[in-house]
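Peer 1:
Chains as they are written, first to last, in my numbering: chain V, 154 to 323; chain D, 358 to 568.
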């Protein structure tokens with residue numbers, strides 16, 4: 154765009170009636186030509202806000218922003234992947250517990266030979282190995298890790314998470 | 358298969374002119390779980406989004422927090438992205454909406470603090486005409502002090518259209534309004550900024566217009 158055309162176009166720019174390509178050309182000249190820039194700001198002071206080049210992004214801040222965003226995303230994905238598995242495990246545990254309680258109740262009600270339920274005996278059997286806590290495994294694609302969730306029967310809501318490199322398991 | 362293709366193609370770094378990978382390709386790959394593709398989108402757009410949000414908020418540091426939150430929100434809603442619009446437009450909509458939320462939550466105490474610092478800067482600062490303003494830092498400094506006179510929608514429209522140079526249709530999409538409304542916001546914003554310049558910073562006006 155030439156200087157004379159720039160002068161003729163300012164009013165149309167301010168009225169926002171230029172097509173996008175002419176508008177871009179006008180803005181380019183505004184930034185490139187000091188005389189026309191000074192004239193345009195003299196006519197309309199707010200043209201100063203369109204007159205400066207956008208600064209290049211700071212690469213260090215961009216890198217830090219990217220790292221932070223990706224860390225938040227990984228954290229959210231981990232939480233999302235664990236949540237449904239934990240709900241399934243809790244549902245299964247609740248079903249097993251209900252079946253055991255129901256079975257014991259039926260046995261006590263229908264058999265008066267033994268006052269002690271078998272399940273209680275089993276729970277205090279000193280010779281038996283303690284049952285392993287439930288284990289939930291989540292593979293994290295692209296992360297190269299697996300996540301294990303441990304919880305015991307007394308603490309359904311608080312789980313411990315272990316992040317393990319699969320290469321160390323073999 | 359797409360993920361394999363992405364691994365073999367060069368990705369755009371900030372400041373590079375390489376446009377081999379389109380934003381929509383990255384979005385598609387990110388939807389399939391490719392974190393590298395989403396990281397490339399963050400690298401490509403975080404600087405520009407930060408610039409726009411910082412001008413709306415008049416706060417560089419707080420703007421980075423908003424940018425991060427905007428990208429996390431975008432990742433959570435990738436399945437809602439409509440590829441008929443550019444990814445940048447969609448992202449700017451999320452980011453500037455969050456910026457407006459921040460503006461609305463700011464306390465009056467913060468605004469009082471800002472007014473005090475303005476007086477100090479004016480006293481120690483060098484006074485020149487607006488046409489002599491050399492770089493974006495000075496213009497940003499001036500905008501920071503004037504932008505509070507605008508409504509949130511006027512801020513968004515003026516920053517995206519007049520400063521960032523986005524198309525009217527893109528700004529309309531980002532603001533969720535019509536092109537006519539965008540033009541009206543920009544017109545009103547320009548009028549208010551001119552009045553504020555004349556009232557608060559007459560030293561920045563051309564000599565012929567100073568009182």
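Even glycine gets a Cβ: it sits at the ideal position worked out from N, Cα and C.
(1) Report the CB separation of residue 503/D from residue 550/D in whole angstroms; it is logged as a contact under 8 Å.
(2) In the region 202-225 of chain V, which residues sit with their C-beta less than 9 Å from some C-beta in chain D, listed in chain order?
(3) Once DSSP output is grouped into helix, strand and coil, what is the label at residue 434/D?
(4) From which residue to which residue does the alpha helix (DSSP H) around residue 166/V run?
(5) Could you tell me whether any non-hydrogen atom of the ligand ZN is closer than 7 Å to the CB of residue 196/V?
(6) List the endpoints of the continuous alpha helix (DSSP H) containing residue 549/D.
(7) Quick check: what's the CA-CA separation for residue 445/D versus residue 402/D?
(8) Which chain D residues are close to residue 173/V, counting only those with a beta carbon under 7 Å from its beta carbon?
(9) Within 8 Å (strictly less), CB to CB, does residue 162/V reach chain D?
(10) Can you tell me the Cα-Cα spacing of residue 154/V and residue 206/V, whole angstroms?
(11) Between residue 459/D and residue 419/D, how many whole angstroms is the CB-CB distance? I'm expecting something under 8 Å.
(12) Buried or exposed for residue 176/V, going by 16 or more other Cβ atoms inside 10 Å?
(13) Against chain V, which members of the region 400-431 of chain D pass a CB distance test of less than 8 Å?
(14) Can the beta-carbon of residue 500/D be found less than 8 Å from the beta-carbon of residue 558/D?
(15) For chain D, find out if any of its Cβ atoms is closer than 8 Å to the Cβ of residue 184/V; answer yes or no.
(16) Span of the alpha helix (DSSP H) holding residue 188/V?
(17) Return the first residue and the last residue of the alpha helix (DSSP H) that residue 509/D is part of.
(18) Against chain V, does residue 504/D count as a neighbour if the rule is that its beta carbon must be under 8 Å from one of theirs?
(19) Kindly indicate which residue of 393/D, 552/D and 507/D has the alpha-carbon position closest to the one of residue 542/D.
(20) Taking Cβ positions only, does residue 299/V come closer than 8 Å to chain D?
(21) To the nearest angstrom, how far is it from the Cα of residue 536/D to the Cα of residue 201/V?
(22) Taking the alpha-carbon of residue 381/D as reference, which of 438/D, 430/D, 514/D and 456/D has the nearest alpha-carbon?
(23) Is the distance from the Cβ of residue 451/D to the Cβ of residue 509/D below 8 Å?
(24) Report the three-state DSSP secondary structure of residue 523/D (helix, strand or coil).
(25) Excluding sequence positions up to five away, which residues of its chain have a Cβ less than 8 Å from the Cβ of residue 547/D?
(26) Is the shortest distance between the beta-carbon of residue 234/V and the beta-carbons of chain D less than 8 Å?
(27) Which two residues bound the contiguous alpha helix (DSSP H) that contains residue 380/D?
(28) Classify residue 407/D as buried or exposed, calling it buried when 16 or more other Cβ atoms lie within 10 Å of its own Cβ.
(29) Where does residue 255/V sit, in a helix, a strand or coil, going by DSSP?
(30) Reducing DSSP to helix, strand and coil, say where residue 409/D ends up.
(31) Alpha carbons only, please: which of 391/D, 378/D and 522/D is nearest the one belonging to residue 409/D?
(32) Thinking residue 413/D and residue 512/D are a contact (beta carbons under 8 Å), I'd like their distance in whole angstroms, please.
(33) Give me, in chain order, the residues of the same chain whose beta-carbon lies closer than 7 Å to that of residue 436/D; leave out the 5 immediate sequence neighbours on both sides.
(34) Examine the Cβ distances between the region 216-231 of chain V and the region 421-429 of chain D and report whether three or more of them are shorter than 8 Å.
Peer 2: On the basis of the coordinates in this document:
(1) For this step, residue 503/D is matched to residue 146 along the second chain. For this step, residue 550/D is matched to residue 193 along the second chain. Sure, about 5 Å apart at Cβ, within 8 Å.
(2) 202, 203, 204, 205, 206, 207, 208, 209, 210, 211, 212, 214, 215, 216, 217, 218, 219, 220, 221, 222, 223 and 225
(3) Looking up residue 434/D in the second chain gives position 77. Residue state, collapsed to three classes: coil.
(4) Sequence index remark: in the first chain, residue 166/V carries index 13 (1-based). 156-168 is the span of the alpha helix (DSSP H), which, as asked, contains residue 166/V.
(5) Because no ligand of any kind appears in the structure shown, any question about the ligand ZN cannot be addressed here.
(6) On the second chain, position 192 is the one that residue 549/D refers to. That run of the alpha helix (DSSP H) goes 536-557.
(7) Here residue 445/D is taken as the residue at index 88 of the second chain, counted from 1. Here residue 402/D is taken as the residue at index 45 of the second chain, counted from 1. So the alpha carbons of these two residues sit roughly 7 Å apart.
(8) Position 20 of the first chain, counting from 1, holds the residue named residue 173/V. In chain order: 524.
(9) Stepping through the first chain from its first residue, residue 162/V is reached at position 9. No - not a single Cβ of chain D is within 8 Å of the one on residue 162/V.
(10) Numbered from its first residue, the first chain carries residue 154/V at position 1. Numbered from its first residue, the first chain carries residue 206/V at position 53. Between residue 154/V and residue 206/V, the C-alpha separation is close to 17 Å.
(11) Numbered from its first residue, the second chain carries residue 459/D at position 102. Numbered from its first residue, the second chain carries residue 419/D at position 62. With 8 Å as the limit, residue 459/D and residue 419/D qualify as a contact, their Cβ atoms being about 7 Å apart.
(12) For the purposes of this step, residue 176/V is taken as the residue at position 23 of the first chain. By the 10 Å Cβ count, residue 176/V comes out buried.
(13) 400, 403, 404, 405, 407, 408, 421, 424, 425, 428 and 429
(14) For this step, residue 500/D is matched to residue 143 along the second chain. For this step, residue 558/D is matched to residue 201 along the second chain. No, they are not a contact pair.
(15) Along the first chain, read from residue 1 onward, the residue named residue 184/V stands at position 31. It does not; no Cβ of chain D falls within 8 Å.
(16) Position 35 of the first chain holds residue 188/V. 187-196 is the span of the alpha helix (DSSP H), which, as asked, contains residue 188/V.
(17) For the purposes of this step, residue 509/D is identified with residue 152 of the second chain, where counting begins at 1. Segment 509-514, the alpha helix (DSSP H) holding residue 509/D.
(18) For the purposes of this step, residue 504/D is taken as residue 147 along the second chain, with counting starting at 1. So no, residue 504/D is outside the interface.
(19) Within the second chain, numbered from 1, the residue matching residue 542/D stands at position 185. Nearest of 393/D, 552/D and 507/D to residue 542/D, Cα basis: 507/D.
(20) In the first chain, residue 299/V corresponds to position 146, counting from 1. With 8 Å as the cut-off, residue 299/V does not count as an interface residue toward chain D.
(21) Here residue 536/D corresponds to residue number 179 of the second chain, with the count starting at 1. Here residue 201/V corresponds to residue number 48 of the first chain, with the count starting at 1. If I take the Cα positions, the gap works out to 23 Å.
(22) The residue labelled residue 381/D in the question sits at position 24 within the second chain. It is 438/D.
(23) Residue numbering aside, residue 451/D sits at position 94 when the second chain is read from its first letter. Residue numbering aside, residue 509/D sits at position 152 when the second chain is read from its first letter. Contact flag unset, no.
(24) Taking the first residue of the second chain as 1, we reach residue 523/D at position 166. Coil at residue 523/D, not helix or strand.
(25) Working through the second chain from its first residue, we reach residue 547/D at position 190. 515 and 519.
(26) Sequence index remark: in the first chain, residue 234/V carries index 81 (1-based). Output row for residue 234/V: interface = no.
(27) For this step, residue 380/D is matched to residue 23 along the second chain. Start and end: 380-388.
(28) Numbered from its first residue, the second chain carries residue 407/D at position 50. Classification for residue 407/D: buried.
(29) As a position in the first chain, residue 255/V is number 102, starting the count at 1. Residue 255/V falls in the helix class under three-state DSSP.
(30) Position 52 of the second chain, counted from the first residue, corresponds to residue 409/D. The answer is helix: DSSP assigns residue 409/D an H, G or I state.
(31) In the second chain, counting from the first residue as 1, residue 409/D sits at position 52. When only C-alpha atoms are compared, the closest one is 522/D.
(32) Position 56 of the second chain, counted from the start, is the residue given in the question as residue 413/D. Position 155 of the second chain, counted from the start, is the residue given in the question as residue 512/D. That belief holds up - the Cβ atoms of residue 413/D and residue 512/D are roughly 5 Å apart, short of 8 Å.
(33) By one-based count along the second chain, residue 436/D stands at place 79. Once the five neighbours on either side are set aside, the close Cβ partners of residue 436/D are 388.
(34) yes
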